[in-house]
Amino acid sequence: MATYKEIFGTNIEVLASDPANPVTGQVWYNSTDNVVKGAAATTAGAWATGGSLNTARSYGVGSGIQTSAIGASGYNGTTSIANSESYDGTSWTNTPSLNTARYGGGGAGISNTSALVFGGRTPGDAYLSGQTESWSGSTWTEVGDLNSGRAAIVGNGTQTSALGYAGDDSGDNRLLTESWNGTSWTAVANLNNNHRVGGGAGVDNTSALVFGGNNPPGSSPPFSAKTESWNGTSWTEITDINTGRSGLNGAGTQTAAIGFGGQNPSFVGNTEIWNGTSWSEDSDLNTARGLLGGAGTTTAALAFAGFDTAVTAASEEFTGAGSPLTVTFTDS
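This note's numbering puts the first residue of the sequence shown at 238, with every later residue one more than the last.
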């Protein structure tokens with residue numbers, strides 16, 4: 238039988254702390270914990286506790302990746318807030334606030350230095366005129382308004398190429414889609430179905446996925462499982478998610494997405510992975526919640542804030558199946 242050194246070319250390392258990015262099969266001795274540990278391949282994804290926000294909220298906007306995200310705006314249980322926070326993969330730091338307090342807006346962005354927030358509701362519960370704000374990493378600046386202001390809007394993309402769709406205004410406004418080119422919003426083809434407070438994923442204004450949300454008022458069932466894909470010109474209905482729900486969030490791309498959390502009718506922790514063809518159930522959030530923020534990818538996602546029994550500041554980090562997971566060796 239081959240030894241560890243013969244396989245990896247080195248003896249088992251003695252480390253004071255676990256390595257930041259272990260590779261599958263790596264083994265080390267943690268001299269602080271006095272145990273032998275290793276990195277094992279995971280067969281399913283897993284959620285772990287992340288850093289808590291400084292301000293609890295629901296209906297907030299999230300964008301970026303697991304190690305570089307922005308969480309902005311929301312509802313603190315009493316009123317809309319303008320608070321903005323930056324996540325570095327470990328902790329949240331307060332950053333300058335939005336110019337307009339709101340909740341239920343949409344968001345886009347690739348990091349904690351580049352983001353976009355649009356739409357939402359004001360403290361008086363009135364619809365915004367579609368205010369859009371752009372984040373430079375140090376300040377929020379008002380830019381071009383949406384053509385149709387609405388809350389419960391879903392968004393994805395980047396600071397210069399974004400898509401905003403769905404919403405909770407009346408009638409056909411719930412189906413509206415607008416495309417952002419870095420300067421202005423343009424109305425494009427409508428959704429086929431209602432996706433109010435749904436989840437979304439996508440990298441720009443030519444490639445997106447929307448799933449779940451509320452069906453029109455009075456519908457049965459009230460919660461949608463429908464999924465639609467955007468090709469830059471039109472929306473096409475594709476495979477449903479397994480559990481219809483609203484108040485969920487999502488991350489990733491049009492062909493590799495993750496959807497998590499939501500309400501049906503109780504808050505749930507369901508997590509589903511989209512592979513471009515179908516949705517599959519994965520590990521649930523540790524705490525069921527809805528109306529939460531989200532960022533990241535199918536292998537490294539971030540879920541934060543939202544509502545479980547009250548507005549929460551808690552975050553969870555998702556590690557996708559196949560990624561190395563640190564385990565402790567025992568003699569049993």
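C-beta atoms are modelled at their ideal positions from N, C-alpha and C, and glycine is treated no differently.
Asked	Found
Option nearest Ser503 by Cα separation, candidates Leu528, Ser520, Gln491 and Leu252	Leu528
Own chain residues within Cβ distance below 6 Å of Val298, not counting five before or after	Ala309, Ser310, Gly342, Gly344 and Val354
Segment contact, 8 Å Cβ cut-off, at least three pairs: the segment 283–291 with the segment 378–385	no
Opening and closing residue of the beta strand (DSSP E) in which Asp441 lies	Gly436 to Asp441
C-alpha gap between Phe460 and Asp270, whole angstroms	47 Å
Integer Cβ distance of Gly394 from Asp441, believed to fall under 8 Å	5 Å
Whether Phe555 touches Val273 by CB criterion (8 Å)	no
Ala366 burial status per 10 Å Cβ neighbour count (16 or more: buried)	Note on identity: in this sequence residue 366 is Ser, with Ala being the wrong assignment. So Ser366 ends up on the exposed side.
Those residues which DSSP pairs with Leu353 across a bridge	Ala345 and Ser371
Selected residue, minimal CA-CA separation from Tyr324, among Gly282, Ala550, Asp477 and Tyr402	Ala550
Contact set for Ile318: own chain, Cβ-Cβ below 6 Å, skip 5 residues either direction	Gly311 and Ala338
Cutoff 8 Å; reference Ala426; Cβ partners in own chain excluding five residues on either side	Thr414, Thr470, Ser471 and Trp472
Proximity winner among Thr316, Ile510 and Asn410, relative to Ala283 (alpha-carbon distances)	Ile510
Other residues of its chain near Thr476: CB distance less than 8 Å, five sequence neighbours each side excluded	Thr464, Thr514, Ser515 and Trp516
Beta-carbon proximity of Leu400 to Ala445, cut-off 8 Å	yes
Per-residue DSSP class, three states only, for Arg526	coil
Status (buried if at least 16 other CB within 10 Å, exposed otherwise) for Gly557	buried
Three-state secondary structure (DSSP) of Asn410	helix
Short Cβ contact (8 Å threshold) for Ala388 with Gly404	yes
Inter-residue Cα distance where the pair is Asn331 and Gly346	18 Å
Beta carbon of Ala542 nearer than 8 Å to that of Ser305	no
C-beta atoms of Leu335 and Glu370 nearer than 8 Å	yes
Leu383, DSSP secondary structure in three states	coil
Which residues DSSP lists as bridging Asn331, in chain order	Glu322
Nearest candidate by alpha-carbon position, reference Ala281, set Ala525, Ala253 and Asp519	Asp519
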